[in-house]
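Trainee: This structure is in structure tokens; I'll ask about it shortly.
Chains as they are written, first to last, in the numbering used here: chain X, 1258 to 1595; chain L, 1258 to 1595.
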């Protein structure tokens, strides 16, 4: 490596049995960078993305992508600047985005799985949020999997999160009634500010099924499920006929990876309401990302779109930020500024 | 009533707390028939249909149709002969089919919800099975809700039942691999005879998830779920990517109506496999019954279609037949010959 850079990064110390804590992550302060191979680029991260899906990766259980083994680099998307290139697709000084940054300051990326980011169009970190994976997730979850129609009631858990903020605004723009569920009043204030019709603080609500019933008198038509757990349970008791549940994330099961999730099941409710529960991964819609990005960009250009980021500084903060995210301690899209 | 007929029927004695037994049903041996009103017909039942959905009706819990109250006539579809008509649509001596016969020998039906049956086309009781609701259920559950495609593995619970027999044969004709799950070897022998590729006796299998894994090495693409319960649980651990679960019936929850069904939940599996769980009722497809009936009639004309009925004699046998059905004691489509 011509520049003799030293990398700092996080690797997995050990698989968490339940919720991860800082002992499960190992900081490495002096890691040499490999020499670039043909079609690779060296990128200095400017922002790394902290996402709930990472929990699923740090498990010996087979998931939808290969897991990380102890000693392995933890996975993260990011956006940053090319500082060395052995690809004719990328020049030094360009900004790029990829799912493969990892929890580190410098990343060697293959050109084929890296996208350019134009810093003149939007803040570069929007490629990690509303113009990136969370935005695409909101769009396809709401319109394809959820099949939301104007006039319907759309309930969104983790409503002020990276996906929830976009989904709520898309639902409102589509003529739906948008109901936010979040973990504190500040988040719900923000949800109302960005257009949600009503907000439910699930941590302060004694009888969540009844509260959802009160807030959704005709039942829930579309449940954008970012959490599983108690919110899911409460919604399943309040389905409207032909309801759709878009299963986007299961962060409330973060302490149960590889263990059974025991509780009430709702097959009779699914049958009686002709409901549809569907899991989805945004990657399955990769061929249609442009459609979603164009749609969301339209809102951004309108000036009506709002988005809150929750930014921590420095690669050192990555582990704590991830743990906080699993406890809903973030407020808005969680990013690490490098 | 000109004919001074005396009706015999079953009414609900009391809501069952768990599984119904004979004490929950009251036989009435001498019930006068009402006078026909305009657009009504009096029909003498020849066959009554015994179906698992009836369990959902004998509950104070709201279901997809109004429940029966204690003292009320129990619901059943049937086929029979018009013996008096005040409708210009029906003549005495014609055969008709309706969902509204009830557990009784004579029924007063409204012309609007009654369909003619041509006894020259097929045995009249086929309008209660493969050319009636169970056949339609199999067709729409397999092709619409399950979206079965040639080459896929389709697993069907209650595989030798009224719906399962049709679904299995349709799946095979469509080029799918059909896997039967049933409660004894005689039923599985029949399943193999009508074309299922392989059969699983869930009562004699110690490790059902492993057995399903062995029988479905690529996972289950379509699960035609007639039962919920332990078979559902075992299948959910063996989903292929993009699997579809058509929730058609929940007979294994017959002892839990109005009570929570506690057990393992599969949201993470649904997410990771991008699976779809969808409840459906055949009535929602009413506009397309002709399509389904034509399709199934084609098989019947081919001479390749096979169907087993399990017939008991006399209205007196209705309660025991229904209870037996809930315990999987029937073998084939359960009918009462009046």
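No residue lacks a Cβ here, since even glycine has one placed at the ideal position from N, Cα and C.
It should be emphasised that the depicted structure is a prediction, and the values quoted were computed from it without experimental measurement.
1) I'd like the list of long-range same chain contacts for residue 1549/X, defined as Cβ closer than 6 Å, with 5 residues on each side in sequence excluded.
2) Counting only runs that start and end within the region 1457-1493 of chain X, where is the beta strand (DSSP E) found for 3 or more residues in a row?
3) According to DSSP, simplified to helix, strand and coil, what is residue 1294/X?
4) Please report how far the alpha carbon of residue 1431/X lies from the alpha carbon of residue 1313/X, in whole angstroms.
5) Kindly indicate which three-state DSSP category residue 1536/L falls into: helix, strand or coil?
6) Could you check where the beta strand (DSSP E) with residue 1283/L kicks off and where it finishes?
7) If you draw a straight line from the C-alpha of residue 1264/L to the C-alpha of residue 1531/L, how long is it?
8) Leaving out the 5 sequence neighbours to the left and right, which residues in its chain are closer than 6 Å to residue 1415/L when beta-carbon positions are compared?
9) Hey, how far is the Cα of residue 1559/X from the Cα of residue 1387/X?
10) For residue 1371/X, which residues from the same chain have a beta carbon less than 6 Å from its beta carbon, with the 5 sequence-adjacent residues on both sides left out?
11) Write down the C-beta distance between residue 1306/L and residue 1592/L rounded to the nearest angstrom, noting that I regard them as a contact closer than 8 Å.
12) Using a Cβ cut-off of 8 Å (strictly closer), state whether residue 1481/L contacts chain X.
13) Drop a sphere of 10 angstroms on the beta-carbon of residue 1545/X, count the other beta-carbons inside from all chains shown, and report buried for 16 or more, exposed for fewer.
14) Pick helix, strand or coil for residue 1360/L, following the three-state DSSP scheme.
15) Considering only residues of the region 1368-1426 of chain X, which uninterrupted alpha helix (DSSP H) runs meet the minimum length of 4 residues and lie entirely inside it, listed in chain order?
16) Report, in whole angstroms, the separation of the C-beta atoms of residue 1288/X and residue 1266/X, which I expect to be a contact under 8 Å.
17) Taking 8 Å as the threshold, find out whether the region 1459-1469 of chain L comes into contact with the region 1425-1442 of chain L through three or more Cβ pairs.
18) Give a yes or no on contact between the region 1504-1516 of chain L and the region 1500-1515 of chain X, applying the rule of three or more CB pairs nearer than 8 Å.
19) How about residue 1270/L: is its C-beta nearer than 8 Å to some C-beta of chain X?
20) Could you please give the first and the last residue of the uninterrupted alpha helix (DSSP H) stretch that includes residue 1586/X?
21) Under 7 Å, CB to CB, which of the residues in the region 1513-1533 of chain X have a partner in chain L?
22) Taking C-beta to C-beta, are residue 1434/X and residue 1402/X nearer than 8 Å?
23) Ends of the alpha helix (DSSP H) at residue 1449/L?
24) Can you give me the C-alpha to C-alpha distance between residue 1553/X and residue 1449/X, rounded to a whole angstrom?
25) Output the distance between the C-alpha atoms of residue 1594/X and residue 1362/X, rounded to the nearest integer angstrom.
26) Which whole-angstrom value describes the C-beta separation of residue 1539/X and residue 1311/X, a residue pair presumed to lie in contact below a C-beta threshold of 8 Å?
27) Could you give the residue range of the alpha helix (DSSP H) that holds residue 1528/L?
28) What is the DSSP secondary structure of residue 1595/X, reduced to helix, strand or coil?
29) Apart from the five residues just before and just after residue 1271/L, which ones in its own chain have a Cβ nearer than 6 Å to its Cβ?
Mentor: The answer reads as follows:
1) If we look at residue 1549/X and ignore the five residues flanking it on each side, its Cβ neighbours are 1393, 1396.
2) Complete beta strand (DSSP E) runs here, min 3: 1477-1482.
3) Assignment of residue 1294/X by DSSP, reduced to helix, strand and coil, places it in the coil class.
4) In a straight line, the C-alpha of residue 1431/X is about 32 Å away from that of residue 1313/X.
5) Assignment of residue 1536/L by DSSP, reduced to helix, strand and coil, places it in the strand class.
6) 1282-1289 is the extent of the beta strand (DSSP E) around residue 1283/L.
7) For residue 1264/L and residue 1531/L, the gap between their C-alpha atoms comes out near 53 Å.
8) So the qualifying residues of the chain are 1421, 1483, 1484.
9) Taken atom to atom, the span from the alpha-carbon of residue 1559/X to that of residue 1387/X is near 14 Å.
10) These residues qualify, in order along the chain: 1353, 1355.
11) Under the criterion of beta carbons closer than 8 Å, residue 1306/L and residue 1592/L qualify as touching, at roughly 6 Å.
12) No, residue 1481/L does not count as interfacial toward chain X.
13) Counting Cβ neighbours within 10 Å, residue 1545/X comes out exposed, since fewer than 16 surround it.
14) The answer is coil: DSSP assigns residue 1360/L none of H, G, I, E or B.
15) For the region 1368-1426 of chain X, whole alpha helix (DSSP H) runs of length 4 or above, ordered along the chain, are 1390-1397.
16) Yes, they are in contact, since the Cβ atoms of residue 1288/X and residue 1266/X sit about 6 Å apart, within 8 Å.
17) Contact between the region 1459-1469 of chain L and the region 1425-1442 of chain L is present, because at least three Cβ pairs lie under 8 Å.
18) Cβ pair count under 8 Å is below three, so no.
19) Answer no: the Cβ-Cβ gap between residue 1270/L and chain X never drops below 8 Å.
20) Per DSSP, residue 1586/X lies in no alpha helix (DSSP H) and is assigned neither H nor E.
21) Cβ contacts with chain L come from 1517, 1518, 1519, 1520, 1521, 1522, 1524, 1525, 1527, 1528, 1529, 1530, 1531, 1532, 1533.
22) Between residue 1434/X and residue 1402/X, the CB-CB gap reaches or exceeds 8 Å.
23) Note, residue 1449/L: alpha helix (DSSP H), 1442-1450.
24) Straight-line Cα distance between these residues: approximately 19 Å.
25) Rounded to the nearest angstrom, the two C-alpha atoms are 10 Å apart.
26) Not really, about 15 Å apart at Cβ, beyond 8 Å.
27) Here the alpha helix (DSSP H) through residue 1528/L covers 1524-1529.
28) In the displayed model, residue 1595/X falls within coil according to three-state DSSP, outside both helix and strand.
29) Cβ within range, chain order: 1281, 1327.
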